[in-house]
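Participant: Okay, so the sequence shown: first residue is 49 according to the numbering used here, each after it adds one. Glycine is no exception: its CB is placed at the ideal position from the N, C-alpha and C atoms. Fair warning: this is a prediction, and the values are worked out from it, not measured in the lab. Got a structure here, written out as structure tokens. Questions coming.
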Amino acid sequence: MQQNSTLRKNPSVTNTLDDRKTTIRTSEQEPSQPQMAVNIVQNPEPPQRVTPAGKYELKQVLGAGGYGQIFKAFDSNKNLYVAVKIMQKRSESQRMILEQHILFTLKGKPEFPQLYGSGSFEDYMYIVMELLGKSLSELRKKNDGKKFDAVTALRVGLLMTDSLRILHEMGFLHRDVKPGNMCTGISPTTIRRIYLLDFGLARQFKSKGRVKRRGHVGFRGTLRYVSLNVHERRDQCPCDDLISNFYTMVELCEGCLPWTRLRDPKCLPPGLDLANAAMPWEGKVSDSFMGLVSQEGEFAEAHEGK
Numbered sequence: 049m050q051q052n053s054t055l056r057k058n059p060s061v062t063n064t065l066d067d068r069k070t071t072i073r074t075s076e077q078e079p080s081q082p083q084m085a086v087n088i089v090q091n092p093e094p095p096q097r098v099t100p101a102g103k104y105e106l107k108q109v110l111g112a113g114g115y116g117q118i119f120k121a122f123d124s125n126k127n128l129y130v131a132v133k134i135m136q137k138r139s140e141s142q143r144m145i146l147e148q149h150i151l152f153t154l155k156g157k158p159e160f161p162q163l164y165g166s167g168s169f170e171d172y173m174y175i176v177m178e179l180l181g182k183s184l185s186e187l188r189k190k191n192d193g194k195k196f197d198a199v200t201a202l203r204v205g206l207l208m209t210d211s212l213r214i215l216h217e218m219g220f221l222h223r224d225v226k227p228g229n230m231c232t233g234i235s236p237t238t239i240r241r242i243y244l245l246d247f248g249l250a251r252q253f254k255s256k257g258r259v260k261r262r263g264h265v266g267f268r269g270t271l272r273y274v275s276l277n278v279h280e281r282r283d284q285c286p287c288d289d290l291i292s293n294f295y296t297m298v299e300l301c302e303g304c305l306p307w308t309r310l311r312d313p314k315c316l317p318p319g320l321d322l323a324n325a326a327m328p329w330e331g332k333v334s335d336s337f338m339g340l341v342s343q344e345g346e347f348a349e350a351h352e353g354k
């Protein structure tokens with residue numbers, strides 16, 4: 049039996065949703081099965097109880113970006129907290145459809161957040177997934193010196209390399225690898241696990257074993273972490289995700305990248321001279337980083353030659 053629940057809006061939390069009745073289908077259900085109700089309570093203070101008619105009750109905003117908002121919510125059926133991502137259908141809805149597809153493909157992989165459900169109502173789309181802990185970006189800034197030790201940074205890099213290998217073998221590029229898209233778990237058994245999330249900029253670069261080649265492309269990614277190939281508007285390949293992962297590892301260890309304070313892409317020309325960058329570099333991680341960047345052009349040429 050389908051149940052409806054009322055949306056109560058408070059502009060201090062978000063101004064993207066209107067008061068209306070909504071439903072959402074869980075991933076386990078077939079389209080022909082009854083839909084489950086979602087109770088969205090938009091209030092700056094988390095509600096004290098779950099409305100009996102609702103399945104998911106939104107508690108607070110966790111984040112917002114160009115492709116939607118993410119809420120912490122309570123699943124009254126399973127008695128656990130989840131994360132709910134919401135976006136308007138007219139706002140590049142294909143991105144959320146692809147993200148849902150990727151999460152479904154990755155179900156059961158412990159390196160990625162688990163998909164619990166998905167659905168839509170009127171002008172909005174939902175993805176319901178596993179609730180995670182803080183991002184590595186948040187944790188780094190709260191740490192002494194706003195950085196991690198080299199061992200921790202290298203461990204993160206190795207874990208993310210394994211996660212990216214899984215993603216690439218399935219034919220997808222992430223295209224936005226950065227500390228803000230890496231989170232820890234929240235339970236005692238997952239607190240030391242690092243998850244890769246947010247597939248809003250992902251792309252299927254390979255289908256049935258064949259690579260989809262493109263020429264000059266638009267910019268995709270976060271300016272600070274993308275490779276020189278991306279700045280030159282070359283089509284991205286798996287090595288670009290790996291280079292972003294290495295930039296992430298260096299930032300976690302050193303506290304910043306040489307170009308952290310730059311905001312204009314014109315300040316990052318193809319011939320960027322890292323040897324004369326504003327920030328000093330020391331240690332084995334830095335040496336490895338310089339060696340990887342020097343090989344970046346060779347990686348791109350190898351990809352183009354396939």
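#1: Taking just the CA atoms, how far does K182 sit from G228?
#2: Would you identify the three-state DSSP class for R272, choosing helix, strand or coil?
#3: Is V298 helix, strand or coil by DSSP?
#4: Roughly how many whole angstroms lie between the Cα atoms of N293 and K226?
#5: So L206 is in the alpha helix (DSSP H); what residue range does that whole segment cover?
#6: Determine the direct distance from the alpha carbon of V109 to that of C287, and round the result to whole angstroms.
#7: What number of angstroms, rounded off, separates the C-alpha of F253 from the C-alpha of F220?
#8: Given 7 angstroms as the limit, tell me if R251 has its C-beta closer than that to any heavy atom belonging to the ligand ADP.
#9: Return the residue from the list L215, G303 and A131 that minimises the CA-CA distance to S255.
#10: Compute the distance between the beta-carbons of D224 and L244, then report whether it is under 8 angstroms.
#11: Nearest CA to the CA of K126: which residue from Q117, E105 and Q142?
#12: Excluding the 5 residues preceding and the 5 following Y115 in the sequence, name in chain order all residues of the same chain whose CB lies nearer than 6 angstroms to its CB.
#13: Using a 10 Å radius around the Cβ and a threshold of 16 neighbouring Cβ atoms, would you call I234 buried or exposed?
#14: Rounded to the nearest angstrom, what separates G205 and L179 at their Cα positions?
#15: Report the option in F196, L187, R188 and R240 whose CA atom is closest to the CA atom of L207.
#16: The beta strand (DSSP E) with L244 in it runs from where to where?
#17: What do you get for E302, buried or exposed, if any count of 16 or more other CB atoms within 10 angstroms of its CB means buried?
#18: List the DSSP bridge partners of Y104.
#19: Pick helix, strand or coil for P94, following the three-state DSSP scheme.
#20: Does the distance from the CB of V199 to the CB of Y164 come in under 8 angstroms?
#21: Per DSSP, which one or two residues make a beta bridge with M144?
#22: Just the C-alpha distance for P174 and A112, rounded to the nearest angstrom, thanks.
#23: Please state whether DSSP places S235 in a helix, a strand or coil.
#24: Report the option in L184, K133, L128 and T296 whose CA atom is closest to the CA atom of S168.
Facilitator: So, from the listed chains and residues:
#1: Counting from 1 along the sequence shown, the entry for residue 228 is found at position 180. Counting from 1 along the sequence shown, the entry for residue 182 is found at position 134. Each residue's CA atom was taken as its position, placing G228 and K182 some 9 angstroms apart.
#2: Start at 1 with the first residue of the sequence shown, and residue 272 comes out as number 224. R272 falls in the coil class under three-state DSSP.
#3: Numbered from its first residue, the sequence shown carries residue 298 at position 250. Here V298 sits in helix by DSSP.
#4: Looking up residue 293 in the sequence shown gives position 245. Looking up residue 226 in the sequence shown gives position 178. Rounded to whole angstroms, N293 to K226 spans 7 angstroms at the Cα level.
#5: Mapped onto the sequence shown, residue 206 falls at position 158. That run of the alpha helix (DSSP H) goes A198 to E217.
#6: Start at 1 with the first residue of the sequence shown, and residue 287 comes out as number 239. Start at 1 with the first residue of the sequence shown, and residue 109 comes out as number 61. Approximately 34 angstroms, taken between the alpha carbons.
#7: In the sequence shown, counting from the first residue as 1, residue 253 sits at position 205. In the sequence shown, counting from the first residue as 1, residue 220 sits at position 172. The alpha-carbon atoms of F253 and F220 are separated by roughly 6 angstroms.
#8: With respect to the ligand ADP, the structure shown offers nothing to examine, as it has no ligands at all.
#9: Stepping through the sequence shown from its first residue, residue 255 is reached at position 207. In terms of CA proximity to S255, L215 leads the group L215, G303 and A131.
#10: Walking along the sequence shown from the start, residue 224 turns up at place 176. Walking along the sequence shown from the start, residue 244 turns up at place 196. Their beta carbons are not under 8 angstroms apart, which means D224 does not touch L244 by this criterion.
#11: Position 78 of the sequence shown, counted from the start, is the residue given in the question as residue 126. The shortest Cα separation from K126 among Q117, E105 and Q142 belongs to E105.
#12: Indexing the sequence shown from 1 puts residue 115 at position 67. M135, R143 and G248, listed in sequence order.
#13: In the sequence shown, the residue the question calls residue 234 occupies position 186. Result: exposed.
#14: Taking the first residue of the sequence shown as position 1, residue 205 is located at position 157. Taking the first residue of the sequence shown as position 1, residue 179 is located at position 131. So the alpha carbons of these two residues sit roughly 22 angstroms apart.
#15: Start at 1 with the first residue of the sequence shown, and residue 207 comes out as number 159. Of the listed residues, the one whose Cα sits closest to L207 is R240.
#16: Reading the sequence shown from its first residue, position 196 is the one you call residue 244. Start and end: I242 to L244.
#17: In the sequence shown, the residue the question calls residue 302 occupies position 254. So E302 counts as buried.
#18: To locate residue 104, count along the sequence shown from 1; it is residue 56. Answer by DSSP bridge pairing, in chain order: D123.
#19: Residue numbering aside, residue 94 sits at position 46 when the sequence shown is read from its first letter. Confidence at P94 is low in this model, with a pLDDT of 37, below 50, so the placement of that residue should be treated as unreliable; the coordinate-derived value is given next. Here P94 sits in coil by DSSP.
#20: Locating residue 199 in the sequence shown gives position 151, counting from the first residue. Locating residue 164 in the sequence shown gives position 116, counting from the first residue. Cβ distance not < 8 angstroms, so V199 and Y164 don't count as in contact.
#21: The residue labelled residue 144 in the question sits at position 96 within the sequence shown. According to DSSP, M144 bridges with nothing at all.
#22: In the sequence shown, residue 174 corresponds to position 126, counting from 1. In the sequence shown, residue 112 corresponds to position 64, counting from 1. Note on residue identity: the sequence assigns Tyr, not Pro, to residue 174. If I take the Cα positions, the gap works out to 14 angstroms.
#23: The residue labelled residue 235 in the question sits at position 187 within the sequence shown. Residue state, collapsed to three classes: coil.
#24: In the sequence shown, counting from the first residue as 1, residue 168 sits at position 120. Cα-wise, what sits closest to S168 is K133.
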